[in-house]
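Those protein sequence lines, which keep their order, are chains A and B.
Using the working numbering, you'd call the opening residue of the first sequence number 1 and step up by one each time.
Using the working numbering, you'd call the opening residue of the second sequence number 1001 and step up by one each time.
To start, the structure under review is shown below, and the notes come after it.
2 protein chains.
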Amino acid sequence: MKLAASLTLAASAIALCSPAAAQFAKPEDALKYRQSALFIMGQHFGRIGAMANGRVPYDAKVAVENAEVVAEMARLPWVGFGPGYDKVSPTRAKPEIWTEQAKFREHNEKLVGETQKLLAAAKTNNLDNLKAAFTATAGTCKACHDNFRRD
Amino acid sequence: MKLAASLTLAASAIALCSPAAAQFAKPEDALKYRQSALFIMGQHFGRIGAMANGRVPYDAKVAVENAEVVAEMARLPWVGFGPGYDKVSPTRAKPEIWTEQAKFREHNEKLVGETQKLLAAAKTNNLDNLKAAFTATAGTCKACHDNFRRD
Chain A
1 MKLAASLTLA ASAIALCSPA AAQFAKPEDA LKYRQSALFI MGQHFGRIGA MANGRVPYDA
61 KVAVENAEVV AEMARLPWVG FGPGYDKVSP TRAKPEIWTE QAKFREHNEK LVGETQKLLA
121 AAKTNNLDNL KAAFTATAGT CKACHDNFRR D
Chain B
1001 MKLAASLTLA ASAIALCSPA AAQFAKPEDA LKYRQSALFI MGQHFGRIGA MANGRVPYDA
1061 KVAVENAEVV AEMARLPWVG FGPGYDKVSP TRAKPEIWTE QAKFREHNEK LVGETQKLLA
1121 AAKTNNLDNL KAAFTATAGT CKACHDNFRR D
């Protein structure tokens, strides 16, 4: 890897790692950590989706509460995909996460940004805004899964 | 259960449930959710403990970042211990969680309060304050585990 790319990646990793300041005792903890954060995010994102898709009545307060957790969770999992955590299983994580870390980090950052927009949209108390932000966020989930998660 | 106690419990449950607005698709999701939140909390709390106990150098910024996640996580797991989620395993959760829900909820609320104090202490940028709040928070963890978690 070129030095410049390496430094960019390192800076990006630090920015994303910062909230977690990760020091996992063992690789299994990194796996459990990332899966835990993504599971919690998925649960709360799903509740927003249920409102966005009309399966449950729209409740602006509940939307904000869920979006807060989604935005908070979106910051966490990435340290669990750090160097040395590629050999632990069971996982659907593709090896490309570690061989294409710069690209993976771009997806992470995109999700962090979109979930912040989702929270902002939820706070407008407008269902159409929530729907649009939900769709945009779901797109970033899918893009990353298509590239970096096994079926 | 007396009606007054029942209403108090219901109000307490609603207050704690509110951030999650839980609607788990299946009991297994409730189990995974509560275990995920508690695991993430434990990871970040452990990093604060490492500083409080002198195993790693004190870093005020890192302490705040970890305390933020701890305080956020402390709000989440309890909906996963709600009615109907007592028969799912593997779990170390004791049946008393469901037969003594009012007492269990008191422990939950205590933890939420202590983790908020922990965050406030971290923000003072004073290691002694952090140590004191860490010890107090750890005490609430232990008290609940002693009562409601199998060895």
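We put the beta carbon where it would ideally sit given N, CA and C, even for glycine.
None of the values given here were measured: they were computed from a predicted structure.
Run of the alpha helix (DSSP H) containing residue i, from where it starts to where it stops
{"i": "Ala-143 of chain A", "result": "127-148"}
{"i": "Ala-74 of chain A", "result": "60-74"}
{"i": "Trp-1098 of chain B", "result": "1096-1099"}
{"i": "Tyr-33 of chain A", "result": "27-52"}
Rounded distance between the beta-carbons of residue j and residue i, thought under 8 Å
{"i": "Ala-1030 of chain B", "j": "Phe-1024 of chain B", "result": "4 Å"}
{"i": "Thr-1115 of chain B", "j": "Ala-1071 of chain B", "result": "4 Å"}
{"i": "Ala-1076 of chain B", "j": "Ala-1122 of chain B", "result": "Looking at the sequence shown, residue 1076 of chain B is not Ala but Leu. The Cβ separation is near 19 Å, so there is no contact."}
{"i": "Leu-130 of chain A", "j": "Ala-63 of chain A", "result": "6 Å"}
{"i": "His-107 of chain A", "j": "Ala-133 of chain A", "result": "Not quite, the Cβ-Cβ distance comes to about 18 Å (not below 8 Å), so this is no contact."}
Residue i versus residue j: straight-line alpha-carbon distance, rounded
{"i": "Pro-1027 of chain B", "j": "Thr-1137 of chain B", "result": "29 Å"}
{"i": "Arg-34 of chain A", "j": "Gly-80 of chain A", "result": "5 Å"}
{"i": "Asn-66 of chain A", "j": "Pro-1083 of chain B", "result": "21 Å"}
{"i": "His-44 of chain A", "j": "Glu-68 of chain A", "result": "9 Å"}
{"i": "Ala-1052 of chain B", "j": "Lys-32 of chain A", "result": "25 Å"}
{"i": "His-1145 of chain B", "j": "Val-1112 of chain B", "result": "15 Å"}
{"i": "Leu-9 of chain A", "j": "Ala-1102 of chain B", "result": "Model confidence at Leu-9 of chain A stands at a pLDDT of 42, short of 50, so the residue's coordinates are unreliable; what they give is reported in the following sentence. Their Cα atoms are separated by approximately 49 Å."}
{"i": "Thr-135 of chain A", "j": "Met-1041 of chain B", "result": "30 Å"}
{"i": "Leu-1119 of chain B", "j": "Gly-1046 of chain B", "result": "14 Å"}
{"i": "Arg-1055 of chain B", "j": "Pro-1090 of chain B", "result": "33 Å"}
{"i": "Lys-61 of chain A", "j": "Gly-49 of chain A", "result": "15 Å"}
{"i": "Arg-150 of chain A", "j": "Trp-78 of chain A", "result": "17 Å"}
{"i": "Lys-1117 of chain B", "j": "Phe-1104 of chain B", "result": "20 Å"}
Residue i and residue j closer than 9 Å at C-beta
{"i": "Phe-1148 of chain B", "j": "Lys-1094 of chain B", "result": "yes"}
{"i": "Tyr-1085 of chain B", "j": "Leu-1127 of chain B", "result": "no"}
The ligand PLP heavy atom lying under 8 Å from the CB of residue i
{"i": "Thr-1091 of chain B", "result": "For the structure depicted, the ligand PLP is absent and the ligand set is empty, with no information on it obtainable."}
Legend entry - Near-chain B residues of the segment 95-110 of chain A - C-beta to any C-beta below 8 Å: none
Legend entry - Members of the segment 33-63 of chain A that neighbour chain B once the beta carbon cut-off is set at 7 Å: Tyr-33, Ser-36, Ala-37, Phe-39, Ile-40, Gln-43, Arg-47, Val-62
Legend entry - Cβ-based contacts, 8 Å cut-off: residues of the segment 1061-1087 of chain B near chain A: Val-1062, Glu-1065, Asn-1066, Glu-1068, Val-1069, Glu-1072, Leu-1076
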